[in-house]
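Chemist:
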Amino acid sequence: MPRWCEEREINGHRMILCHSGPRPQAKCYICGRPAPYLCDYVLEFGLENPTCDRPLCNEHRVKKGKDTDYCPEHEELSRQRSEAER
Ligand SMILES: [Zn+2]
Ligand SMILES: [Zn+2]
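Heads up, the sequence shown is in my numbering, so the first residue is 600 and it goes up one at a time.
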């Protein structure tokens, strides 16, 4: 399930609101078409595990698992990583 967060100011307080599901009206970062998917690549392992979250259309997402999609750039990176681990 794609997750996305936004920063909003509510009554002068900075709040991070997180939602599950596709980001509304997101556009693919490559071609600009409607993007129902987000890159799930974890940029940094830690408490919050921030992910890349680039919006991706059906054509440009790289399916990595049931609920996991990568952008082409991070697909490449994850492949290099797993090769380096060997
Ligand atoms: Zn696209
Ligand atoms: Zn990515």
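The C-beta atom is built at its ideal place from N, Cα and C for all residues, glycine as well. Computed from a predicted model, the values in this text were never measured in an experiment.
1. Within 10 Å of its beta-carbon, does histidine 618 have 16 or more other beta-carbons around it, so buried, or fewer, so exposed?
2. What residues are listed by DSSP as bridge partners for glutamate 606?
3. Looking only at its chain, what residues have a beta carbon closer than 7 Å to the beta carbon of cysteine 699, apart from the 5 residues adjacent to it on each side?
4. On the criterion of 16 or more Cβ atoms from any shown chain inside 10 Å, does cysteine 627 qualify as buried, or is it exposed?
5. Could you have a look at leucine 676 and say whether DSSP puts it in helix, strand or coil?
Modeler: Reading off the structure:
1. Here residue 618 corresponds to residue number 19 of the sequence shown, with the count starting at 1. When all chains shown are included, histidine 618 counts as exposed.
2. Mapped onto the sequence shown, residue 606 falls at position 7. Note: glutamate 606 sits in a beta bridge opposite Ile615.
3. This structure leaves residue 699 out entirely; the chain is present only between 600 and 685.
4. Position 28 of the sequence shown holds residue 627. Cysteine 627 comes out buried.
5. Taking the sequence shown and counting its residues from 1, the one referred to as residue 676 is at position 77. Residue state, collapsed to three classes: helix.
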